[in-house]
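All letters in the sequence shown, in the order written, are residues 20 to 84 by this note's numbering.
Note that CB positions come from ideal geometry on N, CA and C, so glycine has one too.
Structure record follows, encoded as structure tokens.
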Amino acid sequence: MEVRRRSKQSTTLENRLAEEAVRLRKEAQGGPPGERERLIRRARQAETAAHLSEWLKPRRLQPLR
20 MEVRRRSKQS TTLENRLAEE AVRLRKEAQG GPPGERERLI RRARQAETAA
70 HLSEWLKPRR LQPLR
């Protein structure tokens with residue numbers, strides 16, 4: 020059986036997705052129209068994924084009053 024290699028991430032998924040979106044938007048500036056649209060679409064997808072990940076993250080349970 021193969022041993023699965025794991026590594027700890029230094030930043031959260033939300034932060035990595037947000038950084039990727041910023042990088043893609045910068046890369047899209049000044050590019051040809053088709054490539055620009057593709058990069059902007061990927062940036063929007065990364066932003067949406069970051070929001071969904073944050074939304075799905077479990078909240079701490081509040082004690083009953």
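Cut-off 6 Å between Cβ atoms - residues of its own chain near residue i, not counting five sequence neighbours on either side
i, result
"E39", "A65"
"A62", "A40, L43 and R44"
"R24", "none"
Cβ-Cβ separation, residue j to residue i (assumed contact under 8 Å), whole Å
i, j, result
"L33", "A69", "For clarity, residue 33 is Glu in the given sequence; the question names Leu instead. With a Cβ gap of about 5 Å, E33 and A69 count as contacting."
Residues of its chain near residue i, where Cβ-Cβ distance is below 8 Å and the 5 sequence neighbours each way are ignored
i, result
"S72", "L32, E33 and L36"
"E54", "A47"
Same chain, Cβ closer than 7 Å to residue i, neighbours up to 5 away in sequence not counted
i, result
"R78", "none"
"S29", "none"
Is there contact here, the region 52-71 with the region 28-44, by at least three beta-carbon pairs under 8 Å? Enough Cβ pairs lie closer than 8 Å, so yes.
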